[in-house]
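Each remark here refers to the structure printed beneath this line.
Residue numbers (the working numbering), protein chains in the order written: chain A, 13 to 366; chain B, 12 to 309.
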């Protein structure tokens, strides 16, 4: 396997010294033992897809992996699901609806207490809105410098991450006793979510109050695959001109391919698509099997969010658009003609195959 | 003025591109603005890509920014504008008594602080940190910046901090959350709307989250990080730039806050990302479909 340290030896020594991590003894001779806490998100009793990547990254480190869930019904609900994920040894569950909304004011003290008690050497979360919000706060409270948006793990203290909108790749070595990091979901392939048999135990609950109250949310509901984890993404840009055209042109194409819909910053700014669909440096990172974009020029910030896609296809009327420099296949033409034609032909192709 | 807003806006300069053949911000790309051409603030960074890609230093341990022009981090412009917007808002139940801009870095940091002063800050603080190696990008770590800002907040009795959600060079996206954690304050990250609701300092913030937005309510003091949708930053006008020259910039050092430049993360190497080779162009939709089939994408 890809483990970076010897998991067998580590596990064996953990069994020899079960209190490793909390006893003063562990601080000296066993301080190099790895033990990773993966902070997991869930909604409606289901583990978030991006959190499976956090588990995958935790497994890659090589030490035992503990999953962490908190919220109402966490122990009887999502914890049982996490327990089945291959590679997770323990699930720490905290039952308290105060954590349902993931407010960092109370979630961070909760994590601090559990990290201290568990003696974890590594703490990982997905680089999602929740992970980005909570993990740096926790790290600061424990006087550590976290590493954001990790795309590769090169050793127990060495991490790779993109900087300058993905135009440079930085490898850093953390000297902190506890390594905090968030991972890019598309860089760590989740393993099997069945076959595991982790033990579920109660985490500690400091019940720190939150000065912030959650008022409301407005989430775009969609039957489509989640943008960050979709196998196929179709994405539209400024060239679509209006929300009506965006919906009229892109939605049937997405339907034909079973794809998620993304958008460039220009399309989002002109209200053609919801903010949450933005792909790019300051939006979502995607790396699907197929990224098919129309009316997107390929600005550097947009490329930052999609250039790890396996196959990139572009339709654009400007033959000199930068997108063609990265696209595996490009079609120069008017998207208002080409995309509907493509949609029809894809539908027919699927019908003939049936 | 117990019920006034004392706002801190940390600003950061970042390498924004080369000066070669360029005539200044306004001629350049508007990819970072709200899409409007009037009153927006324009950056060199996005469109003229050739001169803008950071060059990797020969030793592969740093990013060479020699000759690159420096500009204010775009998210920090949003923070400045939001502070200015709160001041302009006559309906706001709390008045803004002070906007302090702070930045850490070498001598050129003064330029970005002048811009901040022209955009609405009353005064500025320059934490002098020598440029580690002239022409090379390094920068303080977010943990150090957060500790420094905590010192500023406490010294200046700040009750609201607006930070950008991330700096577009380091792309960490951590400082605001770390500052809130160190202070034990409320935090609202990736804000797209901020409303001060009453004299007691109740603040409602709408944040951009995965899949949509959520709205939170909290009480001052708090830390807010700004997202692109929060506002459209104004262009610093010439009269304001002139006035900014008269505004005070206080000097400080990291040692004043009991800090130094030591790092927790050692740079092992900086490399070029794998370059993607563009493929071929096809003539028509049928060609597109068959190529995608060949590539195994369909």
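For every residue, glycine included, the Cβ atom is placed at its ideal position computed from N, Cα and C.
Exercise. What do you reckon, are the CB atoms on residue 292 of chain A and residue 270 of chain A nearer than 7 Å?
Worked result: Their beta carbons are not under 7 Å apart, which means residue 292 of chain A does not touch residue 270 of chain A by this criterion.
Exercise. Any C-beta of chain A sitting closer than 7 Å to the C-beta of residue 200 of chain B?
Worked result: With 7 Å as the cut-off, residue 200 of chain B counts as an interface residue toward chain A.
For this session: Could you pull out every residue in the same chain whose Cβ sits closer than 7 Å to the Cβ of residue 351 of chain A, ignoring the five residues on either side in sequence?
Result: Excluding residues up to 5 positions away in sequence, 261, 265, 306, 327 lie with their Cβ nearer than 7 Å to the Cβ of residue 351 of chain A in the same chain.
For this session: From the DSSP output, in three-state form, read off residue 246 of chain B for me.
Result: Coil, per DSSP.
For this session: Could you list which residues in chain A have their beta carbon closer than 7 Å to that of residue 280 of chain B, in chain order?
Result: Close partners of residue 280 of chain B in chain A (Cβ separation under 7 Å): 183.
Exercise. Shortest alpha-carbon distance to residue 116 of chain B belongs to which of B:109, B:138, B:129?
Worked result: Nearest to residue 116 of chain B by C-alpha distance, out of B:109, B:138, B:129, is B:138.
Exercise. For residue 159 of chain A, which residues from the same chain have a beta carbon less than 8 Å from its beta carbon, with the 5 sequence-adjacent residues on both sides left out?
Worked result: If we look at residue 159 of chain A and ignore the five residues flanking it on each side, its Cβ neighbours are 171, 173, 184, 186, 191, 192, 193, 194.
Exercise. Can the beta-carbon of residue 234 of chain A be found closer than 7 Å to that of residue 138 of chain A?
Worked result: Their beta carbons are not under 7 Å apart, which means residue 234 of chain A does not touch residue 138 of chain A by this criterion.
For this session: Have a look at A:247, A:111, A:202, A:230 and flag the residue whose alpha-carbon is nearest the alpha-carbon of residue 84 of chain A.
Result: Among A:247, A:111, A:202, A:230, the Cα nearest to that of residue 84 of chain A belongs to A:111.
Exercise. Hey, does residue 149 of chain A have any beta-carbon neighbour from chain E nearer than 7 Å?
Worked result: The structure shown contains no chain E; its protein chains are A and B.
For this session: Enumerate in chain order the residues of its own chain whose CB-to-CB distance from residue 66 of chain B is below 6 Å, with the five nearest sequence positions on each side excluded.
Result: The residues are 75.
Problem set entry | For residue 286 of chain A, the three-state DSSP class (helix, strand or coil) | Reduced to three states, the DSSP call for residue 286 of chain A is coil.
For this session: For chain A, find out if any of its Cβ atoms is closer than 7 Å to the Cβ of residue 65 of chain B; answer yes or no.
Result: Contact of residue 65 of chain B with chain A is assigned, a C-beta pair being separated by under 7 Å.
Problem set entry | First and last residue of the uninterrupted beta strand (DSSP E) at residue 163 of chain A | In the DSSP assignment, residue 163 of chain A falls outside any beta strand (DSSP E) and carries neither an H nor an E.
Problem set entry | Coil, strand or helix - residue 24 of chain B by DSSP | Assignment of residue 24 of chain B by DSSP, reduced to helix, strand and coil, places it in the strand class.
For this session: Put residue 136 of chain A into one of helix, strand or coil per three-state DSSP.
Result: Note: residue 136 of chain A maps to strand in three-state DSSP.
Exercise. Using a Cβ cut-off of 8 Å, which residues of the stretch 176–207 of chain A contact any Cβ in chain B, in chain order?
Worked result: Residues of the stretch 176–207 of chain A with a C-beta less than 8 Å from any C-beta of chain B: 176, 177, 178, 179, 180, 181, 182, 183, 184, 185, 186, 187, 188, listed in chain order.
Problem set entry | Residues bridged to residue 327 of chain A (per DSSP) | Per DSSP, A:306, A:343.
Exercise. Excluding five sequence neighbours on each side, which residues of the same chain lie with their C-beta closer than 6 Å to the C-beta of residue 322 of chain A?
Worked result: Here the set comprises 301.
Problem set entry | Interface residues of the stretch 340–353 of chain A facing chain B [CB-CB below 7 Å] | From the stretch 340–353 of chain A, only 340, 341, 342, 343, 344, 350, 353 have a Cβ closer than 7 Å to chain B.
For this session: Indicate whether at least one CB of chain B lies closer than 7 Å to the CB of residue 7 of chain A.
Result: Any answer about residue 7 of chain A is impossible in this case: the structure gives chain A only from 13 up to 366.
Exercise. What is the DSSP secondary structure of residue 251 of chain B, counted as helix, strand or coil?
Worked result: Here residue 251 of chain B carries a helix assignment [DSSP, helix/strand/coil].
Problem set entry | Candidates B:269, B:301, B:292: closest to residue 158 of chain B by CA position | Minimum Cα distance to residue 158 of chain B is reached at B:269.
Problem set entry | Sequence-distant residues of the same chain with beta carbon closer than 7 Å to residue 118 of chain A, five excluded per side | Leaving aside the five residues that flank residue 118 of chain A on each side, the residues in its chain whose CB is nearer than 7 Å to its CB run, in chain order, 110, 111, 220, 221, 222.
For this session: Ignore the nearest five residues each way along the sequence and tell me which others in residue 143 of chain A's own chain have a CB closer than 6 Å to its CB.
Result: Taking residue 143 of chain A as the centre and dropping the five residues before and after it, the same chain places the C-beta of 137, 194 closer than 6 Å to its C-beta, in chain order.
Exercise. So is residue 265 of chain A in contact with chain B if we call contact Cβ pairs under 7 Å?
Worked result: Taking Cβ atoms only, chain B never reaches closer than 7 Å to residue 265 of chain A, which makes this a no.
Exercise. At a Cβ threshold of 7 Å, is residue 336 of chain A touching chain B?
Worked result: Taking CB atoms only, residue 336 of chain A has a neighbour in chain B less than 7 Å away.
Exercise. CB-CB under 6 Å to residue 347 of chain A, same chain, minus the five flanking residues each way: which ones, in chain order?
Worked result: When the five nearest sequence neighbours on each side are left out, the beta carbons in the same chain lying within less than 6 Å of the beta carbon of residue 347 of chain A are those of 251, 306, 307, 327, in order along the chain.
Exercise. How should residue 334 of chain A be labelled, buried or exposed, when 16 other C-beta atoms within 10 angstroms of its C-beta is the threshold for buried?
Worked result: Classified as buried, residue 334 of chain A has 16 or more neighbouring CB atoms from the shown chains inside 10 Å of its CB.
Exercise. Can you list the residues of chain A that residue 171 of chain B reaches, using a CB-CB cut of under 8 Å?
Worked result: Simply none; closest approach about 14 Å.
For this session: Might you give, ordered along the chain, the residues of its own chain that have their beta carbon closer than 6 Å to the beta carbon of residue 107 of chain A, omitting 5 neighbours on each side?
Result: So the qualifying residues of the chain are 86, 87.
Problem set entry | Sheet register partners of residue 187 of chain B (DSSP bridge) | Looking at the DSSP output, residue 187 of chain B shares a beta bridge with no other residue.
Problem set entry | Touch test, the stretch 88–97 of chain A against the stretch 59–73 of chain A, Cβ-Cβ under 8 Å, three pairs minimum | They touch, by the three-pair rule.
Exercise. DSSP three-state call for residue 75 of chain B: helix, strand or coil?
Worked result: Here residue 75 of chain B sits in strand by DSSP.
Exercise. Are at least three pairs of beta-carbons, each pair with one atom in the stretch 278–297 of chain A and one in the stretch 227–244 of chain A, less than 8 Å apart?
Worked result: Three or more Cβ pairs drawn from the stretch 278–297 of chain A and the stretch 227–244 of chain A lie within less than 8 Å of each other, which places the two stretches in contact.
Problem set entry | residue 361 of chain A to residue 301 of chain B span [Cα, whole Å] | Their backbone Cα atoms lie some 11 Å apart in a straight line.
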